[in-house]
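Protein chains in written order, with this note's numbering: chain A, 19 to 353; chain B, 19 to 353.
Glycine included, C-beta positions come from ideal geometry on N, C-alpha and C.
All of these numbers come straight from a predicted model, not from anything done at the bench.
The structure appears right after this line, and notes come after that.
Number of protein chains: 2
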Amino acid sequence: MKMSDLAKIAGVSKSTVSRALANSELVTEETRTRIKALAKEHGYRMDARARNFRKRETLTIGVLVPMPSNSQGEPPATNPFVLEMLGALADELEKKGHELLFAKHSNRDPSWLREFVETRSVDGVIILGQNIYHDILNEIALDYPNLVVWGARMPEQNYITVGSDNYLGGKLVAEHLLQQGCKQLTFLGNTTCPESMQRFAGFKDTVETLVPDTELNVIDCRENHNDGGYRLVSEYVQANKPMDGLFAASDLLANRAIQALRSCQIKVPSDVRIVGYDNISSSEFMTPALTSINQNCRIAAQKLVDKVFARINGKQAESELIPTALIIRESTGVN
Amino acid sequence: MKMSDLAKIAGVSKSTVSRALANSELVTEETRTRIKALAKEHGYRMDARARNFRKRETLTIGVLVPMPSNSQGEPPATNPFVLEMLGALADELEKKGHELLFAKHSNRDPSWLREFVETRSVDGVIILGQNIYHDILNEIALDYPNLVVWGARMPEQNYITVGSDNYLGGKLVAEHLLQQGCKQLTFLGNTTCPESMQRFAGFKDTVETLVPDTELNVIDCRENHNDGGYRLVSEYVQANKPMDGLFAASDLLANRAIQALRSCQIKVPSDVRIVGYDNISSSEFMTPALTSINQNCRIAAQKLVDKVFARINGKQAESELIPTALIIRESTGVN
DNA sequence: CACAACCTTGCAACCGATTGCATTGTTGAA
DNA sequence: TTCAACAATGCAATCGGTTGCAAGGTTGTG
Chain A
19 MKMSDLAKIA
29 GVSKSTVSRA
39 LANSELVTEE
49 TRTRIKALAK
59 EHGYRMDARA
69 RNFRKRETLT
79 IGVLVPMPSN
89 SQGEPPATNP
99 FVLEMLGALA
109 DELEKKGHEL
119 LFAKHSNRDP
129 SWLREFVETR
139 SVDGVIILGQ
149 NIYHDILNEI
159 ALDYPNLVVW
169 GARMPEQNYI
179 TVGSDNYLGG
189 KLVAEHLLQQ
199 GCKQLTFLGN
209 TTCPESMQRF
219 AGFKDTVETL
229 VPDTELNVID
239 CRENHNDGGY
249 RLVSEYVQAN
259 KPMDGLFAAS
269 DLLANRAIQA
279 LRSCQIKVPS
289 DVRIVGYDNI
299 SSSEFMTPAL
309 TSINQNCRIA
319 AQKLVDKVFA
329 RINGKQAESE
339 LIPTALIIRE
349 STGVN
Chain B
19 MKMSDLAKIA
29 GVSKSTVSRA
39 LANSELVTEE
49 TRTRIKALAK
59 EHGYRMDARA
69 RNFRKRETLT
79 IGVLVPMPSN
89 SQGEPPATNP
99 FVLEMLGALA
109 DELEKKGHEL
119 LFAKHSNRDP
129 SWLREFVETR
139 SVDGVIILGQ
149 NIYHDILNEI
159 ALDYPNLVVW
169 GARMPEQNYI
179 TVGSDNYLGG
189 KLVAEHLLQQ
199 GCKQLTFLGN
209 TTCPESMQRF
219 AGFKDTVETL
229 VPDTELNVID
239 CRENHNDGGY
249 RLVSEYVQAN
259 KPMDGLFAAS
269 DLLANRAIQA
279 LRSCQIKVPS
289 DVRIVGYDNI
299 SSSEFMTPAL
309 TSINQNCRIA
319 AQKLVDKVFA
329 RINGKQAESE
339 LIPTALIIRE
349 STGVN
C-alpha cells in the first residue's frame, strides 16, 4: 500500500496525506487525526527509501568502530568499552529518530569513509577510536564536515573530538600511585595511539615533577596483540624487571595484566598496584576490583550525537572534554 | 555531480552510463571501461538513496542485539560473545556488499521489528539472542520471511535459527565434569532463555543417566542482573551450599563466578571445577584458563548471512546447528 | 543488392514520496 | 453585496537513478 492508495481511501490527495502524516500545520487538525487513524487502521507504512530519496537524507548515522582482526581473521580482543559506547550511541540516536549504521575498521580500506559519505548513505559519521587514523581523518574532514571523533584532541586538527581529558587522567593516576608509595612504575599501552600517549604524558610529567627519581618503564602494546598484553606482561615480569605500580591504558589491558601477574605468582595489589582506564562496567566486579579512570559513556554518547547533528544542521561545534575522574577500588590497595 | 552530468561528459545517454557502471553486458567492453574511467576521474559517486529507491532494496541488513539496560539505564554486563559475533557479521555482510544496521533490543518496543521491516529500511534481519522473544518472533515470522535468528531451535517455530547444539553442549559438559570426579553440580544460567534451558536439559539428562545420585542445583540468573551473577554466586556459597562443579551458561557468567568464588576464598579448579559456554577469545587468557564449549563466530556469521540472503532471494533455508565442541583448559583441572 | 538478425545505444516511463504554486472555499470588512 | 485576505487542499514537477522497448547501425547470407 502506498500513499496514493491511502489518499484514495481517505478521499483526499496524496499531498494532503503526506502533510497530515508529517504533522504539517497546513492541514486541519481534524483531517490530520482522521488520516493518521486511517493509516494505522490499514497498516500503512511509509516507504523509507522513497522519503529518504526525496528529502535527501537517510536518517542514519554511520559509526565506525575499531576492531582489528589478526592475520587469521580471528576475533580480536575488543575493548568492552567500545560495546558500551555503541549501546549508548544507539540509545541517543534512537531519541533523535536516527538509525545506527555499524562499520568496523580493520578490513575496510581507510577510503571507506570517503566512499561512504559521498554515496550519501549516511547523514553523518561518528568514529570511535582515532588510533592511527589521525592523518586520514584530518584530510577527510577538510571536505566532509559531518564528522565527529571519539578520542584525543590533537594539535591542528580539522575534525572535532569528544573525549576524556587524557592528560588529566594520567596525572590523577600518577598522583594516586605515588601516594600509595609506588617507586617503580610501568605504563602499559599502545604507543601509536594518541589517547594512550596523552595519558602517558600526563602520567610521566606528574611523576617526574613530584618524585623525580622514580623509575618509569613502558610496555608497548600495539593493538594487534590478540591477547591484550598478557604475554608482554608475563615476559616483562619474568625478565625480573622491577615494578610495584602499573598504569594500563585501558581496563581491558589492566584485566589481562592482572591475570598475567597472577599466573606469575605476583599479587595485586600487595606486590603491584594497578590502575586501568575506561571504568568499564565489569571493572567493579573484577578480582580485585579495579581502580580506574571513569569515562561516562552516556555523557560521551550524548555529546558525540549532539555535535554530529549540529554539523549536519550547518551549525558550529567545538571539541569537548567529558568529566574525568579517578575511581578508587581494591587494585591499588587502599584500606 | 549526477549521472546525467557524467553522461554529458562522456557524450552518451544516462542509460548507457547506468549500464556501464552496473557492468551490464549490453554495453561494449570498451565503452564500459571508458565510462568507469571518466567516473573515477571526475569523482562521480552514485547516489545510494536514488538507487535504493528505484531498485526497491537498501543493501542493508538489520542486526538486533540484546543489550538489556537496567532501570537506571546504565550500561549492562554485555556478553563479549555478542561483540565478536557482530564483528564477524560485519565482515560477512561486507563481502556481500551490504551494510549492517545496528539496533539493540531493550529500550525498543518489540514492535520495532515490524515497524522496521514494513518501512523497508532493511532487506533482512538477523537477531542475536532470541531470549524471551520467542513468541513475538514466531508471530512476526509468519508474514516476514527474511528473518534469521541466532539461538535455539524450538518446537513449532516459524522462523529459522542458527546455533550450536545446546543439548549436546550440555551433555559434553556433564560428561566432562563427572569424569573429573564432581559429585555436587550446579548450573548457573538464565532459566527464561531457550538456549540456556537446552544447555541445562542436556546437562541434567546426562547427569541423571550416568550418575543418578549426583546432586544438581540451579542458580537462576536473569539478564537484568548487571553483575553477571557475581552476587548470586557469592550468596550461594556463603549459604554453604555444597558445590564442586559449576556449569555456567556463558563465559561471561563463568568469569564472574570465578571472581565471586575467589573472593570467598574458594579455589578454581581445586575446590570447584568450572565450565563456560561460548569460548570467547578471552577465555583462553583468564586465570585459570576457562574450559568452555566452542561456538565458532565466523562459521555462525557465515551461516546466518547465507540464510538471510537465501530468504531475501525467495529461496528455502533450514535451521542449522554449527559444530559444538568442548575446549578443555585449566578451570576443570585436567593435568 | 536486399533483407534478416543482431548488437549497441537512446527515449521515456517509473519507483513513492515531498513541496512550490495554483485553486477553491470561507470569512470578514467596507 | 462585493471583494480582499486567508485557510485548506490539489496539481504537477521533482529527486536520481533503472529498465522495457524502440531505434539506429552493422554484419552476414541468399
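Alpha carbon to alpha carbon, how far is residue j from residue i? Give it in angstroms, no decimals.
| i | j | result |
| --- | --- | --- |
| B:VAL38 | A:GLY169 | It should be pointed out that residue 38 of chain B corresponds to Ala in this sequence rather than to Val. One C-alpha to the other measures close to 42 Å. |
| B:ARG69 | A:LEU155 | 28 Å |
| A:LEU146 | B:LEU196 | 46 Å |
| B:PRO98 | A:LEU203 | 31 Å |
| A:GLU213 | A:GLN320 | 20 Å |
| A:MET261 | A:CYS239 | 17 Å |
| A:HIS194 | A:GLN216 | 17 Å |
| A:ALA257 | B:ASP223 | 50 Å |
| A:THR1 | A:HIS152 | Residue 1 of chain A cannot be examined here, being either before or after the span of chain A that is shown, 19 to 353. |
| B:ARG67 | B:THR137 | 14 Å |
| A:ARG52 | B:ALA219 | 53 Å |
| A:GLU226 | A:LEU190 | 14 Å |
| A:LEU285 | B:PHE134 | Before going further, note that residue 285 of chain A is Lys rather than Leu in the sequence given. Distance between the alpha carbons of A:LYS285 and B:PHE134 is about 52 Å. |
| A:TYR177 | A:ARG74 | 24 Å |
| B:MET172 | B:TYR185 | 12 Å |
| A:ALA267 | A:LYS58 | 52 Å |
| A:VAL326 | A:LEU77 | 12 Å |
| A:ASP183 | A:CYS315 | 14 Å |
| A:VAL166 | A:LEU101 | 18 Å |
| A:GLU348 | A:GLY187 | 18 Å |
| B:LEU250 | A:GLN313 | 28 Å |
| A:ALA318 | A:LEU104 | 11 Å |
| A:TYR248 | A:ALA278 | 5 Å |
| A:PRO341 | A:CYS211 | 21 Å |
| A:LEU344 | A:ALA192 | 11 Å |
If you run the structure through DSSP and keep just helix, strand and coil, what is residue i?
| i | result |
| --- | --- |
| A:VAL229 | coil |
| B:GLY187 | helix |
| B:THR204 | strand |
| A:LEU234 | strand |
| A:GLY263 | strand |
| B:TYR177 | coil |
| A:ALA8 | Residue 8 of chain A lies beyond the residue range present for chain A, which begins at 19 and ends at 353; the question has no answer from this structure. |
| B:ARG12 | No answer is possible for residue 12 of chain B: the residues shown for chain B start at 19 and end at 353. |
| B:LEU339 | strand |
| B:SER182 | strand |
| B:VAL286 | coil |
| B:PRO98 | helix |
| A:THR78 | strand |
| A:VAL30 | coil |
| A:GLY142 | strand |
| B:VAL45 | coil |
| B:PRO84 | strand |
| A:VAL167 | strand |
| B:VAL251 | helix |
| B:ALA108 | helix |
| A:GLN256 | helix |
Here's the rule I'm using: 16 or more other beta-carbon atoms within 10 Å means buried, otherwise exposed. How should residue i be labelled?
| i | result |
| --- | --- |
| A:GLN334 | exposed |
| A:MET19 | exposed |
| A:ARG274 | buried |
| B:VAL352 | exposed |
| A:HIS60 | exposed |
| A:ASP296 | buried |
| A:ASP231 | exposed |
| B:ASN41 | exposed |
| A:ALA55 | exposed |
Could you give the C-beta distance for residue i and residue j, rounded to a whole number, given that I count them as a contact under 8 Å?
| i | j | result |
| --- | --- | --- |
| A:LEU119 | A:VAL81 | 7 Å |
| A:LYS122 | A:MET64 | A:LYS122 to A:MET64, Cβ: 31 Å. No contact. |
| B:SER301 | B:ASP269 | 5 Å |
| B:ALA272 | B:ILE292 | 6 Å |
| A:ILE330 | A:ASP141 | 5 Å |
Any chance the CB of residue i is under 7 Å from a heavy atom of the ligand HEM?
| i | result |
| --- | --- |
| B:GLY247 | Ligands displayed in this structure: none; no statement on the ligand HEM is therefore possible. |
Ranges of the beta strand (DSSP E) found wholly within the region 289-328 of chain B, counting only runs of at least 3:
The region 289-328 of chain B contains these whole beta strand (DSSP E) runs: 291-296, 309-312.
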